[in-house]
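So that you can map any letter, position 103 of the sequence shown is 395 in my numbering, and since no number is skipped, the others follow by simple counting. A virtual CB, placed ideally from N, CA and C, is assigned to each residue, including glycine. This one's a predicted model, so the numbers in the text were calculated from it and none came from an experiment.
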Amino acid sequence: MTLISLILALALEQLRPLGNRNRVWLLFTRYANHLERNLNAGAERHGVFAWLAAIVPALLLSLLLFYSLKAMSPILALAFNVLVLYLTMGFRHFSSAFSEISQALAEGREYDARMALARWTGLPTAELSVEEISRLAIEQGVVDSYRHVFGTMFWFVVLPGLPAPCCTGYVLC
């Protein structure tokens, strides 16, 4: 069921990409930012508590739903896996920013590439050369592909079934 879930989720993401309009992702990001503002007092344990507060409720809810659906029908559990994977991973989360930078550099529009990189990374880019823009875009692309695709896949395979996507709250980042 794991491989089928991954294949179906990737196919669905290619056919109907969510990109930046993923409301579930935006809602979770808002919740994580709220936890950071209210629980970050500078100690490592505060980060652990915030991570647990962010992940454990989502994990428990997803487990409850997954096993309830699995008891009714394995097909429903598979569909739920696909839905969760679809909502938690995808190249579209970052590929438009990378493509915009790549196209701007290919057309010689360094200023546009700098601005796109600044929007994507939140870093100052005014003094960067073309080589530095390219390097930083590639680095950010690798980080984002880990976060949005490979990290989710890894945890989905390591923790078979649904819990894995819920654990990708940038566990290793």
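From Ser365 to Trp317, what distance separates their C-alpha atoms? For the purposes of this step, residue 365 is identified with residue 73 of the sequence shown, where counting begins at 1. For the purposes of this step, residue 317 is identified with residue 25 of the sequence shown, where counting begins at 1. Approximately 27 Å between the Cα atoms of the pair.
Report the start-end ranges of each alpha helix (DSSP H) in the segment 354-416 that is 4 residues or longer and not cut off at the edges. Along the length of the segment 354-416, whole alpha helix (DSSP H) runs at least 4 residues long occupy 366-380, 387-398, 402-413, reported in chain order.
Would you decide whether Glu336 is buried or exposed? Buried here means 16 or more other CB atoms lie within 10 Å of its CB. Residue numbering aside, residue 336 sits at position 44 when the sequence shown is read from its first letter. By the C-beta density criterion, Glu336 is exposed, having fewer than 16 other C-beta atoms within 10 angstroms.
With 16 as the cutoff for other CB atoms within 10 Å, does Ile425 come out buried or exposed? Working through the sequence shown from its first residue, we reach residue 425 at position 133. If you draw a 10 Å sphere on the C-beta of Ile425, you find 16 or more other C-beta atoms in it, and that means buried.
Can you tell me whether Pro309 is helix, strand or coil according to DSSP? The residue labelled residue 309 in the question sits at position 17 within the sequence shown. When DSSP states are grouped into helix, strand and coil, Pro309 belongs to the coil group.
With C-beta atoms as the reference, is Ser297 less than 9 Å away from Leu361? On the sequence shown, position 5 is the one that residue 297 refers to. On the sequence shown, position 69 is the one that residue 361 refers to. Judged by beta-carbon spacing, Leu361 lies beyond the 9 Å limit of Ser297, meaning their Cβ atoms are not closer than that value.
Near Thr413, which residues of its chain fall below 8 Å by C-beta distance, leaving aside the five closest residues on each side in sequence? For the purposes of this step, residue 413 is taken as the residue at position 121 of the sequence shown. Closer than 8 Å at Cβ, skipping near neighbours: Leu428, Gln432.
Rounded C-alpha distance that separates Val450 from Tyr403: Position 158 of the sequence shown holds residue 450. Position 111 of the sequence shown holds residue 403. Cα to Cα, Val450 sits roughly 43 Å from Tyr403.
Straight-line CA distance for Thr444 to Tyr438? Here residue 444 is taken as the residue at index 152 of the sequence shown, counted from 1. Here residue 438 is taken as the residue at index 146 of the sequence shown, counted from 1. Cα to Cα, the separation comes out at about 8 Å.
Using beta-carbon positions only, say whether Leu327 and Ala346 come within less than 9 Å of one another. In the sequence shown, counting from the first residue as 1, residue 327 sits at position 35. In the sequence shown, counting from the first residue as 1, residue 346 sits at position 54. Yes, Cβ-Cβ distance for Leu327 and Ala346 is below 9 Å.
Measure the alpha-carbon distance for Phe341 versus Val435 and round it to whole angstroms. Indexing the sequence shown from 1 puts residue 341 at position 49. Indexing the sequence shown from 1 puts residue 435 at position 143. Roughly 24 Å between the two C-alpha positions.
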